[in-house]
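The opening residue of the sequence shown carries number 2 in our numbering; numbering runs sequentially from there. Cβ coordinates follow ideal geometry from the N, Cα and C atoms, glycine included.
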Amino acid sequence: METKALLDKIKYCNSLTSYSRRKTIPVKVGDVLIGGDNPIVVQSMTTVDTMDTMGSVEQCIRMIESGCQLIRITAPSMKEAENLQLIKDELRKRGYSTPLVADIHFTPNAAELAAKIVEKVRINPGNYADKKKFEVIEYSDESYQEELDRIKERFLPLVKICKEHGTAMRIGTNHGSLSDRIMSRYGDTPLGMVESALEFLRICEDEGYYDIVISMKSSNTQVMVQAYRLLVQKLEEGGFKPYPLHLGVTEAGDGEDGRIKSAVGIGTLLEDGLGDTVRVSLTEDPEFEAPVAQALVDRYNQREGHDPISGISQYPISPFEYNKRVTFEVFNFGGGNVPRVITDISIIDKIQPKEMKQVGHFYLPELDKWKMNDQGADYVFSGSNPIPFMLPNGMKEIQDFSIWKNSGDKENKFPAFTLAEFKASNNFHVGLNFLMISDLEVEEAVKFLKHRKDVVVILSSENIHNYAALRRAFVILLENNIQVPVVPKVTYKEKSQDQIMLYAATDVGGLLIDGLGDGVMIDASDYSESNRETILDQIKLHNSISFGVLQAARTRMSKTEYISCPSCGRTLFDLQETTAMIRKRTDHLKGVKIGIMGCIVNGPGEMADADFGYVGSGKGKITLYKGKEVVKRSVPSEKAVDELIEIIRKDGMWIEPEV
2 METKALLDKI KYCNSLTSYS RRKTIPVKVG DVLIGGDNPI VVQSMTTVDT
52 MDTMGSVEQC IRMIESGCQL IRITAPSMKE AENLQLIKDE LRKRGYSTPL
102 VADIHFTPNA AELAAKIVEK VRINPGNYAD KKKFEVIEYS DESYQEELDR
152 IKERFLPLVK ICKEHGTAMR IGTNHGSLSD RIMSRYGDTP LGMVESALEF
202 LRICEDEGYY DIVISMKSSN TQVMVQAYRL LVQKLEEGGF KPYPLHLGVT
252 EAGDGEDGRI KSAVGIGTLL EDGLGDTVRV SLTEDPEFEA PVAQALVDRY
302 NQREGHDPIS GISQYPISPF EYNKRVTFEV FNFGGGNVPR VITDISIIDK
352 IQPKEMKQVG HFYLPELDKW KMNDQGADYV FSGSNPIPFM LPNGMKEIQD
402 FSIWKNSGDK ENKFPAFTLA EFKASNNFHV GLNFLMISDL EVEEAVKFLK
452 HRKDVVVILS SENIHNYAAL RRAFVILLEN NIQVPVVPKV TYKEKSQDQI
502 MLYAATDVGG LLIDGLGDGV MIDASDYSES NRETILDQIK LHNSISFGVL
552 QAARTRMSKT EYISCPSCGR TLFDLQETTA MIRKRTDHLK GVKIGIMGCI
602 VNGPGEMADA DFGYVGSGKG KITLYKGKEV VKRSVPSEKA VDELIEIIRK
652 DGMWIEPEV
């Protein structure tokens, strides 16, 4: 275990090396308990118009049957808040007792009504009593306190109603909707997110109201993870009660990208024992969200029995801000280079040029040329199955040392050594050598890595507590000032494709968020008994996941990113259909970020991280943004995608798709 001095400094988790869930106070939401010693609760949110009672009820039932234990429903005005009673009554009549949560943003009176009907209300501190116009306001301490007094007057009636009716509350900060007041004092920072919630929490505690869950959500996984960690740290330092945490990444998107992005943010926190309820936000029907959240949560059911990991006496990494580990540049690894993708193809015997399409490289036999897409692997690991043809310039081959030392081409191929081979060898590549070691071999390897500037470490661990074990190995390298680049390698034996996607995003994504890692490699040896077609499909998946994890952790932008919300009753257009339509027209724009928001609630703020934005502003009307700036208002929806493309074109970021 860590020393007491370290734990006095790092308060956001019980241990950096031994899995231990943070102990919180239990919060009762109907028949469901969040926090305490209770299992992590899975929840989701309806997308049907709240005024459509039967449509909402039917969707709730589908969500419950998919594993949803809490259901959130938007109540943007009094009429929707009133209709929550009809939805609840019909669900109870049909035998469903799943607690309901009212989602409130701008309307305190709707929250006060909803709190008398449902089991929990969610309020957003950024817009419950504040406004957001992207204005910078200078506050003195006195004028700032006057604003806090105004907020207290607005918020206090809801607190008293919740206390009287036994209604729980989520204080849910969104990175995209921090108020102008918070932004003016704290900036667009994790600290601003935390302080936004603490202002409301202090009012609750003054009233002796503690049935509270807190969230710190963002579409930027780095900001999201840092904000949750900082929140727990501030709760501990401020003497607050240990409130349960609701985990989620906002506007994660759909498909593989949405799942990977959610796992990077949520999984990183779960690894350190944080989180008591989880919602995965996908731009898909809500019944598809709960199974993904459950798959993330289930990973920790047996985690406490993992092999021991040596403790940390001094933690050289700031968990509250991004600082990339300083490394030498070795070939095109480390230094100022983006993280590299190494795709494992070593179980394919005599791979053919046409099969390289699985790693993003396409051979065109008619032209005798190669073409690479946005997910073209930087390196392929062939192990003991060397590639029998010449590779294109955009891809390099790594071979087992035993193969490489007898190779006819020792310049364009690169050797991968075990630690024993590395220690005994005097035969190295002139510029780039790979040392494949486990976390348990790092201390021994340190003395052989000092002063080497021609080595990249491929680091793996067999510990079930994989992220923590790999992080501990990085700490050893940092303590010894070893600056060679390191590529984490992860292995998932007998796991489904979805599990590999979620687990790799957690284990490698968490390291990347901490500034650790110069690439990613997913082991493919588990598929050696499969047929060739299955193996190739798996290699393609591993390659795609690798690029997805790097993008989700904000360390390498290799494809268009869609920051799209999961839809709710406030949405003013069909989000799934619109996202698919925009994706079809723009997914060739490498590295461009496009925000697609169903309404104005989180639109401008959550899209502040996006290059361009598409936001519903009325029935059939779209407002288009460049960053935070409105470019066109009230664009008819049938013309909006064309207008969006024109804005991208004028900004110089448009390229024509290849035919």
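> Apart from the five residues on each side of it in sequence, which residues of its chain come closer than 6 Å, Cβ to Cβ, to residue 100?
Replying inline: Within the sequence shown, residue 100 is the residue found at index 99, counting from 1. Excluding residues within five positions, the ones whose Cβ falls inside 6 Å are 30, 31, 33, 71 and 120.
> Which residue comes first and which comes last in the beta strand (DSSP E) that contains residue 437?
Replying inline: The residue given as residue 437 occupies position 436 in the sequence shown. That run of the beta strand (DSSP E) goes 434 to 439.
>> Let's see if you can read the secondary structure: which residues bound the alpha helix (DSSP H) around residue 442?
In response: Residue 442 sits at position 441 when you count from the first residue of the sequence shown. For residue 442, there is no enclosing alpha helix (DSSP H), as DSSP marks it with neither H nor E.
> From 51, 383, 343 and 200, pick the residue whose C-alpha is nearest to that of residue 550; which is it?
Replying inline: The residue given as residue 550 occupies position 549 in the sequence shown. Among 51, 383, 343 and 200, the Cα nearest to that of residue 550 is on 343.
>> Assuming residue 499 is part of the alpha helix (DSSP H), what are its boundary residues?
In response: To locate residue 499, count along the sequence shown from 1; it is residue 498. Here the alpha helix (DSSP H) through residue 499 covers 498 to 514.
> Starting from residue 393 and walking both ways along the alpha helix (DSSP H), at which residues does that stretch end?
Replying inline: Stepping through the sequence shown from its first residue, residue 393 is reached at position 392. From DSSP, residue 393 is part of no alpha helix (DSSP H); its letter is neither H nor E.
>> Going by DSSP, what residue range makes up the beta strand (DSSP E) through residue 417?
In response: As a working mapping, residue 417 is identified with position 416 in the sequence shown. Residues 414 to 418.
>> Please return the same chain residues whose Cβ sits closer than 7 Å to the Cβ of residue 361, not counting the five positions on each side in sequence.
In response: Here residue 361 is taken as the residue at index 360 of the sequence shown, counted from 1. So the qualifying residues of the chain are 373, 374, 376, 377, 378 and 544.
> Any C-beta of chain C sitting closer than 8 Å to the C-beta of residue 12?
Replying inline: Going by chain labels, chain C is absent from the structure shown, which holds only one protein chain.
>> Which of the three DSSP states is assigned to residue 400 in this structure?
In response: Numbered from its first residue, the sequence shown carries residue 400 at position 399. Residue 400: strand per DSSP, three-state reduction.
>> Strictly by DSSP, which residues pair up with residue 584?
In response: Residue numbering aside, residue 584 sits at position 583 when the sequence shown is read from its first letter. According to DSSP, which records beta bridges pairwise, residue 584 is partnered with nothing at all.
> Relative to the alpha-carbon of residue 480, which residue among 498, 494 and 447 has its alpha-carbon at the smallest distance?
Replying inline: By 1-based counting over the sequence shown, the position of residue 480 is 479. Of all alpha-carbon atoms in 498, 494 and 447, the one lying nearest the alpha-carbon of residue 480 is that of 447.
> Looking only at its own chain, which residues have a Cβ that is under 6 Å from the Cβ of residue 513, when we skip the five neighbours before and after it?
Replying inline: As a working note, residue 513 is residue 512 in the sequence shown. Excluding sequence neighbours, residue 513 sits near 554 and 556.
> Do you know whose CA, among 233, 393 and 216, lies nearest residue 122's CA?
Replying inline: The residue labelled residue 122 in the question sits at position 121 within the sequence shown. The candidate whose alpha carbon is nearest that of residue 122 is 216.
> Along the chain, where does the alpha helix (DSSP H) that runs through residue 184 open and close?
Replying inline: Translated into the one-based positions of the sequence shown, residue 184 becomes position 183. Where residue 184 is concerned, the enclosing alpha helix (DSSP H) stretches over 181 to 187.
> When you compare each of 644, 61 and 652 to residue 290 by their alpha carbons, which one comes out closest?
Replying inline: Your numbering for residue 290 matches position 289 in the sequence shown. For the options 644, 61 and 652, the alpha carbon positioned closest to that of residue 290 is the one of 61.
> Alpha carbon to alpha carbon, how far is residue 474 from residue 187?
Replying inline: Position 473 of the sequence shown, counted from the start, is the residue given in the question as residue 474. Position 186 of the sequence shown, counted from the start, is the residue given in the question as residue 187. Between residue 474 and residue 187, the C-alpha separation is close to 35 Å.
> What's the C-alpha gap between residue 75 and residue 365?
Replying inline: Against the sequence shown, residue 75 aligns to sequence position 74. Against the sequence shown, residue 365 aligns to sequence position 364. Roughly 52 Å between the two C-alpha positions.
>> Can you check which of these residues, 180, 276 and 577, is closest to residue 214 by C-alpha distance?
In response: Translated into the one-based positions of the sequence shown, residue 214 becomes position 213. Selected option, being the one with the closest Cα: 276.
> Can residue 632 be considered in contact with the ligand HEM, in the sense that its beta carbon sits closer than 7 Å to one or more heavy atoms?
Replying inline: The ligand content of the structure shown is nil, which means the ligand HEM is not present either.
> Thinking C-alpha only, which one of 593, 520 and 320 is nearest residue 10?
Replying inline: Within the sequence shown, numbered from 1, the residue matching residue 10 stands at position 9. Taking only the C-alpha atoms, the option nearest residue 10 is 320.
>> Whole angstroms are fine: how far does the CA of residue 196 sit from the CA of residue 138?
In response: Walking along the sequence shown from the start, residue 138 turns up at place 137. Walking along the sequence shown from the start, residue 196 turns up at place 195. Take the alpha-carbon of residue 138 and the one of residue 196: they are about 17 Å apart.
>> Please classify residue 55 as buried or exposed, where buried requires at least 16 other C-beta atoms within 10 Å of its C-beta.
In response: Your numbering for residue 55 matches position 54 in the sequence shown. Exposed is the call here.
>> If contact is defined by three or more beta carbon pairs under 8 Å, each pair taking one atom from either stretch, is the segment 230 to 245 in contact with the segment 514 to 532?
In response: The segment 514 to 532 and the segment 230 to 245 do not touch, with fewer than 3 CB-CB distances between them shorter than 8 Å.
>> Can you tell me whether residue 552 is helix, strand or coil according to DSSP?
In response: What you label residue 552 is simply residue 551 of the sequence shown in a count that begins at 1. Looking at residue 552 - three-state DSSP - the assignment turns out to be helix.
> Near residue 128, what residues of its chain come up, given a Cβ to Cβ distance below 8 Å and the 5 sequence neighbours on each side ignored?
Replying inline: The residue you call residue 128 lines up with position 127 of the sequence shown. Excluding sequence neighbours, residue 128 sits near 106, 107, 178, 180 and 602.
> Hey, quick one: how far does the beta strand (DSSP E) through residue 380 stretch, first residue to last?
Replying inline: Counted from its first residue, the sequence shown places residue 380 at position 379. Boundaries of the beta strand (DSSP E) harbouring residue 380: 380 to 384, taken from the DSSP string.
> Who does residue 173 pair with in a DSSP beta bridge?
Replying inline: Along the sequence shown, read from residue 1 onward, the residue named residue 173 stands at position 172. Beta-bridge partners assigned by DSSP to residue 173: 216.
> When you compare only the Cα positions, how much space is there between residue 661 and residue 20?
Replying inline: Residue 661 falls outside the range modelled here, since the chain spans only 2 to 660, and no answer is possible.
> What are the boundary residues of the alpha helix (DSSP H) that residue 626 is part of?
Replying inline: Sequence index remark: in the sequence shown, residue 626 carries index 625 (1-based). Counting along the chain, residue 626 falls outside any alpha helix (DSSP H), though it belongs to the beta strand (DSSP E) covering 622 to 627.
>> Counting C-beta neighbours from all protein chains within 10 Å, is the total for residue 390 16 or more, i.e. buried, or is it exposed?
In response: Looking up residue 390 in the sequence shown gives position 389. Residue 390 should be labelled exposed.
>> Alpha carbons only, please: which of 141, 143, 201 and 190 is nearest the one belonging to residue 160?
In response: Counting from one through the sequence shown, the residue named residue 160 turns up at place 159. Nearest in C-alpha terms to residue 160, of all of 141, 143, 201 and 190, is 201.
> Does the Cβ-Cβ distance between residue 329 and residue 484 come in under 8 Å?
Replying inline: Locating residue 329 in the sequence shown gives position 328, where the first residue counts as 1. Locating residue 484 in the sequence shown gives position 483, where the first residue counts as 1. Using a Cβ distance threshold of 8 Å, residue 329 and residue 484 count as a contacting pair.
> Which one of 642, 212, 643 and 526 has the shortest CA to CA distance from residue 382?
Replying inline: Residue mapping note: residue 382 aligns to position 381 of the sequence shown, counting from 1. Distances from the CA of residue 382 to each of 642, 212, 643 and 526 were compared; the closest alpha carbon is that of 526.
> Unbroken beta strand (DSSP E) runs of length 3 or more, entirely within the segment 21 to 64: which are they?
Replying inline: With a minimum length of 3 residues, the unbroken runs of beta strand (DSSP E) contained wholly in the segment 21 to 64 fall at 28 to 30, 33 to 35 and 42 to 46.
>> Counting C-beta neighbours from all protein chains within 10 Å, is the total for residue 313 16 or more, i.e. buried, or is it exposed?
In response: Translated into the one-based positions of the sequence shown, residue 313 becomes position 312. Classified as buried, residue 313 has 16 or more neighbouring CB atoms from the shown chains inside 10 Å of its CB.
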